[in-house]
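At position 423 of the sequence shown the residue is numbered 425 (this note's numbering), and the sequence of numbers has no breaks.
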Amino acid sequence: MNKILLIIQREYLTRVRKKTFIISTILFPVMYLALIFGASYIAEKTSTNLHVALTDSSGYFDKGRIERANQNDSSTILTLVTTSADSLKTNFQNMGYDGFIVIPANADWQNGLDLKLQMGRTLGMEGSAPVKNKINRIWDDIKNEKLGINDSIKATLQKSGIRLKQENLNDSTSNSGVATGIGYFAGIFMYIILLLYGTQVMMGVMEEKTNRIAEVIISSVKPFQLMLGKIIGIGFVALTQFVIWILCMILIYNLSSAGKTDPTMATGLVAGMQSVLSSINVPLVIFCFGFYLLGGFFFYASLYAAIGSAANEDVREAQSLSLPVTMLIIISIMIMSAAMKDPSGPLAVWGSIIPFSSPIVMMGRIPFGVPGTVPWWQLGLSMVSLIAGFLLTTWLAGKIYRTGILMYGKKPTWKEMIKWAIRKN
Numbered sequence: 003m004n005k006i007l008l009i010i011q012r013e014y015l016t017r018v019r020k021k022t023f024i025i026s027t028i029l030f031p032v033m034y035l036a037l038i039f040g041a042s043y044i045a046e047k048t049s050t051n052l053h054v055a056l057t058d059s060s061g062y063f064d065k066g067r068i069e070r071a072n073q074n075d076s077s078t079i080l081t082l083v084t085t086s087a088d089s090l091k092t093n094f095q096n097m098g099y100d101g102f103i104v105i106p107a108n109a110d111w112q113n114g115l116d117l118k119l120q121m122g123r124t125l126g127m128e129g130s131a132p133v134k135n136k137i138n139r140i141w142d143d144i145k146n147e148k149l150g151i152n153d154s155i156k157a158t159l160q161k162s163g164i165r166l167k168q169e170n171l172n173d174s175t176s177n178s179g180v181a182t183g184i185g186y187f188a189g190i191f192m193y194i195i196l197l198l199y200g201t202q203v204m205m206g207v208m209e210e211k212t213n214r215i216a217e218v219i220i221s222s223v224k225p226f227q228l229m230l231g232k233i234i235g236i237g238f239v240a241l242t243q244f245v246i247w248i249l250c251m252i253l254i255y256n257l258s259s260a261g262k263t264d265p266t267m268a269t270g271l272v273a274g275m276q277s278v279l280s281s282i283n284v285p286l287v288i289f290c291f292g293f294y295l296l297g298g299f300f301f302y303a304s305l306y307a308a309i310g311s312a313a314n315e316d317v318r319e320a321q322s323l324s325l326p327v328t329m330l331i332i333i334s335i336m337i338m339s340a341a342m343k344d345p346s347g348p349l350a351v352w353g354s355i356i357p358f359s360s361p362i363v364m365m366g367r368i369p370f371g372v373p374g375t376v377p378w379w380q381l382g383l384s385m386v387s388l389i390a391g392f393l394l395t396t397w398l399a400g401k402i403y404r405t406g407i408l409m410y411g412k413k414p415t416w417k418e419m420i421k422w423a424i425r426k427n
């Protein structure tokens, strides 16, 4: 046991002292801050305000109507001009406009209207959307006026629509929109962690094998002890990074609460995120994420360690051998995406119980509510099956590791690796 602890200590301290670990640990909180405070700032500073000339031959678009539209929305300015379409086409830029729109004389308020925003450059759909939206609002006002619909009737029509909100009778506090967002974030984050740190285990084993360090180490420890110590050590590295990230997010959350009365776009985004977090069971989600992070990591890291012990110095060989394991993680993401449509359906239930997919799929289901969407027995069975799964994979991978770590110069196949795993001692 002392030998395993020494290996765990060596793996942990070696990796947390690396510059890559320090940089990646700091980078996530910085990106989180940038997401909260930088997105609105960038959107505000880089927004495109268009000044568009409007020449009308139909008589519908009068000056007063356009001025009222500009007062309600200043992101795009429309100006009614008497200049002809041919003159605008050649002189609109010299006149100070970004583009122009021509309203034909045969425009019929009872039918749709096909218009062109003519400019000297190309904008994306989002860039021209404000112009389209403002023109549509003006056109709607024209139609309402022709039909005799005043502001009172319009307000009644707007608020008389049906607002459908889903409610789970077993968990009335759950919010499907929030749960979907949190579920996707947790599942994809788990996917990245499993791939990133699982691959680190494989590359670490390959490095020790090709440098012949493993030969020296296993002269004093058993191969299984070496593999187990490496997996647990790197697992604690992943858990350390996760805990630091969670603490940083909680700190940012609490600091932002002090300024929630500030009427800025960034504070509004923070308030929205606070509302999102208040609608889910945050402690349960964090606990389950930590459990499934370690359980999923041990499950896949043991397989990656077995592949690293069997592969030689050729990285392409290791990538080829690790493809089936990587595909299991990718399939788990696919199952989660399908299961999010019905978190209580058979696919979601079985996907969250089967060990190879449960870390990702279950983390996609838990934000929908426990025990509303995920009964306690399903959560317990999922955890037990995951523990049994990583114990089995660790045992099988240990048998592969014992043979592969001392084998050089031969390119193994999955068939040979399976023989190593099922062979009796």
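Every residue, glycine too, gets a C-beta built ideally from N, C-alpha and C. Because the structure is a prediction, the values reported are computed rather than measured.
Residue range G101 to I105 is occupied by the beta strand (DSSP E) that includes I103, with no alpha helix (DSSP H) assigned at that position. Nearest C-alpha to Y403 among P225, F291 and I331: P225.
Three or more beta-carbon pairs drawn from the region 200-207 and the region 295-313 are found closer than 8 Å, and the two stretches are therefore classed as touching. Within the DSSP bridge table, the entry for L80 names V54 as partners. Taking each of N108, N213, V284 and N72 in turn and checking the Cα distance to Y62, the smallest one comes out for N108. Look at the beta carbons and you see the region 149-160 not touching the region 325-335: under three pairs across the two are nearer than 8 Å.
With at least 16 other beta carbons inside 10 angstroms of its own, Q243 counts as buried. Assignment of beta strand (DSSP E) within the region 344-388, counting only whole runs of 3 or more residues, yields no such run. Shortest Cα-Cα distance from G298 to any of A320, S346 and G237 involves G237.
With 16 or more other Cβ atoms inside 10 Å of its own Cβ, A320 counts as buried. Excluding residues up to 5 positions away in sequence, G297, P357 and S360 lie with their Cβ nearer than 6 Å to the Cβ of L388 in the same chain. For R19, there is no enclosing alpha helix (DSSP H), since its DSSP letter is neither H nor E. Under DSSP, M121 shares a beta bridge with G101.
Under the Cβ criterion (8 Å, minimum of three pairs), the region 227-236 counts as touching the region 381-400. Here L56 is near T81, since their CB atoms are less than 8 Å apart. The distance from the Cβ of P369 to that of G185 is about 5 Å, consistent with a contact at the 8 Å cut-off. Here the alpha carbon of I140 sits roughly 42 Å from the alpha carbon of I282.
Nearest in C-alpha terms to D143, of all of R70, T27, I234 and G366, is R70.
Separation of the CB atoms of M364 and S384 is rounded to 5 Å, and the pair is thereby assigned contact status at 8 Å. In the three-state reduction of the DSSP assignment, T395 falls in the helix class. Distances from the alpha-carbon of V351 to those of L323, S322, G382 and M33 put G382 closest. In this structure, V54 and Y99 form a Cβ contact; the two beta carbons are roughly 6 Å apart against a cut-off of 8 Å. Taking 8 Å as the cut-off, the beta carbon of I407 is found no closer than this to the beta carbon of G235. Our two residues, D58 and S77, have alpha carbons roughly 22 Å apart in a direct line.
Taking the Cα positions, F301 is about 33 Å away from L35.
Runs of the alpha helix (DSSP H) spanning 4 or more residues and lying entirely within the region 276-326 occur at 284-312, in chain order. Annotation: the continuous alpha helix (DSSP H) that includes W422 extends over W416 to I424. A distance below 8 Å separates the beta carbons of L323 and A313. Judged by DSSP in its simplified three-state form, Q112 adopts coil rather than helix or strand. In the three-state reduction of the DSSP assignment, G61 falls in the coil class.
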